[in-house]
Amino acid sequence: MNKSIIQLTEKHVAGTYGRYPIALVKGKGAKVWDKSGKQYIDFVSGLAVDNLGHCHPAVVSAIKKQAETLIHVSNLYHIEPQSRLAEKLTSLSFADKVFFCNSGTEANEGAIKLARRYFFDKGQKERTEIITMNNSFHGRTLGSLSATAQKKFHAGFKPLLPGFKYIPFNDLPSARKAITKKTCAILVEPMQGEGGVNIPDPSYLKGLKKLCKEHDMLLIFDEVQTGFGRTGKLFAYELYRVKPDIMTLAKALGGGVAIGALAGTDQIMKSFVPGTHAATFGGNPIACSAALASLKVLTGKNFLDKTNATGNYFLQRLKEISKNNPVVREVRGKGMFLALELKKPGGNIVNECMERGYLINCIQQNVLRFLPPLNISRKDIDGMIAVLSDSLSKLK
34 MNKSIIQLTE
44 KHVAGTYGRY
54 PIALVKGKGA
64 KVWDKSGKQY
74 IDFVSGLAVD
84 NLGHCHPAVV
94 SAIKKQAETL
104 IHVSNLYHIE
114 PQSRLAEKLT
124 SLSFADKVFF
134 CNSGTEANEG
144 AIKLARRYFF
154 DKGQKERTEI
164 ITMNNSFHGR
174 TLGSLSATAQ
184 KKFHAGFKPL
194 LPGFKYIPFN
204 DLPSARKAIT
214 KKTCAILVEP
224 MQGEGGVNIP
234 DPSYLKGLKK
244 LCKEHDMLLI
254 FDEVQTGFGR
264 TGKLFAYELY
274 RVKPDIMTLA
284 KALGGGVAIG
294 ALAGTDQIMK
304 SFVPGTHAAT
314 FGGNPIACSA
324 ALASLKVLTG
334 KNFLDKTNAT
344 GNYFLQRLKE
354 ISKNNPVVRE
364 VRGKGMFLAL
374 ELKKPGGNIV
384 NECMERGYLI
394 NCIQQNVLRF
404 LPPLNISRKD
414 IDGMIAVLSD
424 SLSKLK
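In our numbering, the protein residues as written are 34 to 429.
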């Protein structure tokens with residue numbers, strides 16, 4: 034039964050994804066089912082989208098209720114769920130104002146434009162250069178791709194957008210050296226996702242903030258993957274006690290519904306005036322209603338405390354099996370943002386786990402990434418650990 038869907042996809046859908054040979058048709062909590070009825074425990078979560086699990090009742094209810102009232106109107110008019118969501122996000126973060134879009138890529142495109150426009154408005158038109166980090170990932174549209182410092186994603190798409198300078202991640206001296214009179218901002222993931230779940234030293238982000246203050250630059254945090262509880266805090270910047278000037282958001286914001294946002298201080302957001310930026314579907318009623326419902330759960334009593342406790346348990350279980358598997362190079366991560374780096378490619382591990390009912394993800398060829406729903410059970414973690422340990426023992 035999976036086969037018919039796979040055939041349709043291969044015939045009619047652009048081949049931009051290397052898809053696994055299953056068609057997922059149903060989800061509930063941490064579980065998904067393919068067309069043949071086989072069940073899987075999902076440690077991918079739509080790539081850090083389904084932080085509350087699949088089809089959370091609160092999100093489903095909010096979507097249904099809003100769909101019966103108003104599905105879409107233009108941003109030429111005021112939209113109640115949008116204004117309420119903006120109020121909620123600003124109350125939960127450093128930001129004063131929010132711009133809504135539909136994805137993390139769009140959010141990063143907006144942040145790039147905003148940073149340049151801010152200095153344009155200040156009469157410093159020459160300040161257009163943005164520093165980003167090696168192994169970063171900010172999206173696949175031309176601007177965000179240009180900000181992404183991974184050559185493998187650039188092939189075939191040059192010339193890229195000029196004005197980006199790449200430096201090593203977690204290296205303050207390199208950041209200091211890269212700054213010129215043209216630099217307007219530093220764009221960084223607080224913890225790198227697609228680059229390998231790379232965790233910075235505690236002083237790194239504070240050092241970047243200090244550099245930005247010294248040189249009158251903007252600090253932009255890409256929290257698309259780390260936001261909304263993934264690292265154990267609502268936002269990863271809270272872990273490091275460093276407030277950026279601009280923050281980009283998406284993935285888990287909508288509880289499974291597509292929505293993105295960039296949030297910033299009032300002083301900087303003033304540079305977005307009518308005509309400078311827009312998104313037809315940005316901040317639409319259904320997406321904003323879903324996001325409000327998702328945030329209510331995420332910020333509920335003890336939710337993130339439980340996430341941290343389960344995340345610590347998961348991390349310890351990964352460390353336990355690494356001791357008995359010499360193929361493991363390192364275990365790292367925060368909260369439910371975890372990785373196991375191997376000394377060999379991990380593709381076969383992903384395939385075997387999938388065959389045995391567990392969905393995991395491999396990035397950078399040899400890094401197994403784990404992004405389960407934040408409310409996953411320890412029983413499901415233990416089940417995956419058993420299969421993973423067995424699979425690792427077979428890796429030659």
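For every residue, glycine included, the Cβ atom is placed at its ideal position computed from N, Cα and C.
CB-CB length for residue i against residue j, believed under 8 Å
i	j	result
F133	M166	Actually they do not touch by this definition, with Cβ atoms about 26 Å apart.
F170	T181	5 Å
A296	S126	6 Å
V360	K376	5 Å
T264	M224	6 Å
CA-to-CA distance, residue j to residue i, given in whole angstroms
i	j	result
Y237	I200	14 Å
V92	A323	5 Å
F153	A269	30 Å
Y50	G366	26 Å
F403	F76	6 Å
E271	G333	17 Å
E363	E374	5 Å
L325	F336	16 Å
I354	A63	22 Å
A81	T42	23 Å
I104	I382	42 Å
G287	N317	11 Å
R274	E159	31 Å
A208	I163	11 Å
H248	K214	9 Å
K71	K36	14 Å
Q398	P378	5 Å
K185	G293	25 Å
C386	K210	44 Å
L331	K266	10 Å
K59	D67	7 Å
L252	K427	45 Å
A56	K121	36 Å
P192	L178	11 Å
G48	I38	14 Å
Y346	I301	40 Å
V106	R117	16 Å
K246	Y53	46 Å
A419	R350	10 Å
P405	E142	28 Å
CB of residue i within 9 Å of CB of residue j, strictly
i	j	result
S327	H89	yes
T281	V257	yes
A148	L220	yes
N135	A291	yes
I279	M250	no
G262	M369	yes
L392	V65	yes
G229	I396	yes
C217	Y110	no
L371	G344	yes
I145	G189	no
T298	D415	no
DSSP beta-bridge partners of residue i
i	result
Q72	W66
T309	Its beta-bridge partners do not exist; DSSP assigns none.
K367	F370
E162	T216
V400	E374, I396
Q258	DSSP, once it has assigned bridges, lists no residue as partnering Q258.
A294	F133, L282
I200	M166
I253	L220, I279
N231	Q225
G60	V65
Y391	I74
Exposed unless 16 or more other CB atoms sit within 10 angstroms - verdict on residue i
i	result
E101	exposed
P195	exposed
E227	buried
N357	exposed
A283	buried
T27	Absent from the structure is residue 27, since the part of the chain shown begins at 34 and ends at 429.
D255	buried
D413	buried
M34	exposed
N408	buried
E222	buried
Q99	buried
K242	buried
A119	buried
S124	exposed
V131	buried
S94	exposed
P235	exposed
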